[in-house]
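What follows is one structure encoded as structure tokens, with my remarks underneath.
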Amino acid sequence: MFSFVLLLSFAAFYCFYLSSRKVKIVVNVPISVYLNQHPSTAKALGYILLFVSWIVFANLQGLGAGTFAAIVYFMAFGSLIILLTPYGYLNWKYITGIVLLCSVIEFFVF
236 MFSFVLLLSF
246 AAFYCFYLSS
256 RKVKIVVNVP
266 ISVYLNQHPS
276 TAKALGYILL
286 FVSWIVFANL
296 QGLGAGTFAA
306 IVYFMAFGSL
316 IILLTPYGYL
326 NWKYITGIVL
336 LCSVIEFFVF
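In this note's numbering, the protein residues as written are 236 to 345.
Below you can see the structure in the form of structure tokens.
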């Protein structure tokens, strides 16, 4: 469950990143190109994903702890996306592999 919620948070900040006019897309993924060309849609989708992930964090960990954890995760993902995406380090293959690995570990631990 946490892997899915963290993926939602990551996707929300990636939508915010793509909504900027200064972004030059390195890899031509159709979703990224569409969101870059339609910044209002990207921002709306980012806010929706951010709100849903915050609700799930608050539901899983309680209102106070979930809110503080969500804030920390949001700051971390925002920083990671802004720092690593221009260099091309964030690739959908790597992100999918990391999420699958975390989901498998989460399944066996919890």
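Every residue, glycine too, gets a C-beta built ideally from N, C-alpha and C.
The three-state secondary structure of Gly-281, taken from DSSP, is helix.
For Asn-271, the enclosing alpha helix (DSSP H) starts and ends at 265-272. Cβ atoms of Ser-288 and Ser-244 come within 8 Å of each other, at about 5 Å.
With fewer than 16 other Cβ atoms from the protein chains shown falling within 10 Å of its own Cβ, Leu-335 counts as exposed.
For the pair Ala-279 and Leu-253, the CB atoms are not nearer than the 8 Å cut-off.
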